[in-house]
Amino acid sequence: LSRRTVQKVLAELFHVPCALGTLQNRLEDTSEALKPVCEELEDALLQHSVLNIDETSYPHNGKLQWLWAFVTESFAYLTIQHSRGSKVLKNVLGAKFDGVIVCDRFSAYVKYHKDRACGLIQFCWAHILRDIKALPCVMARGSRELFSRLVRRRVGAVFRLWHVLKRGGMSRAEFIERA
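Heads up: the sequence shown begins at 71 in my numbering, then just goes up one per residue.
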């Protein structure tokens, strides 16, 4: 929200008049107070074996910046950067993050993964499924079914097995064998 929008919300909803300068001062105070917490969260990313990462454009004051989200099973770390490139990943995670990065197939993630020579990369299933759905209408070899439909059905079977595994209904070894 812009500062003027926050000022308007404070005045209209909460009946708290606030000058823009006062609002800016409070934002700066809050940023300073949260800095150690943000640094702690950034450092804690490296303790997680799986990170979901995404970035999106973030126009600010007429300049294009990037909002990066690093999401673990217990917290999300957000940072605004001037770049969308792999150098952001290197700055945040270091050169050798050894965990799994779950992401779309944007080139920055692929470059970072190639440069780090360790860890794994998992492309987002939503993107993979969207690409499968977009495949041309071609029949699967030896089948009367469209190739894309056949692949989606098989992916669905893997997900059903995954849910059985997560509920404790099979071992990881059995999941790998059956999937």
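Just so it is clear, CB atoms sit at the ideal spot from N, CA and C, and this is done for glycine as well.
Computed from a prediction, not measured in an experiment: that's the story for all the values here.
Check, Outcome
"Hey, would you say Leu-141 sits closer than 9 Å to Asp-124, going by beta carbons?", "Per the sequence presented here, residue 141 reads as Val, with Leu not at that position. For Val-141 and Asp-124, yes; Cβs fall inside 9 Å."
"Look up Ala-146 in the DSSP assignment and give the residues it is bridged to.", "Val-141"
"Within 10 angstroms of the Cβ of Phe-167, are there 16 or more other Cβ atoms? Answer buried if so, exposed if not.", "buried"
"Using CA coordinates, which residue listed in Ala-146, Lys-181, Ser-119 and Val-86 is at the minimum distance from Val-158?", "Lys-181"
"With a CB to CB cut of under 6 Å and the five nearest residues on each side skipped, what residues in its chain are close to Leu-231?", "Phe-245, Arg-248 and Ala-249"
"What ranges does the beta strand (DSSP E) occupy inside the stretch 153-218, keeping only unbroken runs of at least 3 residues that lie completely in it?", "170-173 and 190-193"
"Name, in chain order, the residues that DSSP records as bridge partners for Ser-119.", "Paired residues: none, contrary to the question."
"If we ignore side chains and look at the alpha-carbon of each, how far apart do Arg-222 and Lys-203 end up?", "8 Å"
"Going by the CB atoms, is the gap between Leu-93 and Gln-77 shorter than 9 Å?", "yes"
"Would Ala-146 be called buried (16 or more neighbouring beta carbons within 10 Å of its own) or exposed?", "exposed"
"Where does Leu-134 sit, in a helix, a strand or coil, going by DSSP?", "strand"
"Go ahead and label Arg-175 buried or exposed: buried means 16 or more other beta carbons lie within 10 angstroms of its beta carbon, across all protein chains shown.", "exposed"
"Answer with buried or exposed for Arg-186, where buried requires no fewer than 16 other C-beta atoms within 10 angstroms of its C-beta.", "buried"
"Which value, in whole angstroms, describes the spacing of the CA atoms of Ala-103 and Asn-95?", "12 Å"
"Pull the bridge partners of Thr-126 from the DSSP assignment, please.", "Leu-137"
"Output the distance between the C-alpha atoms of Leu-80 and Val-86, rounded to the nearest integer angstrom.", "5 Å"
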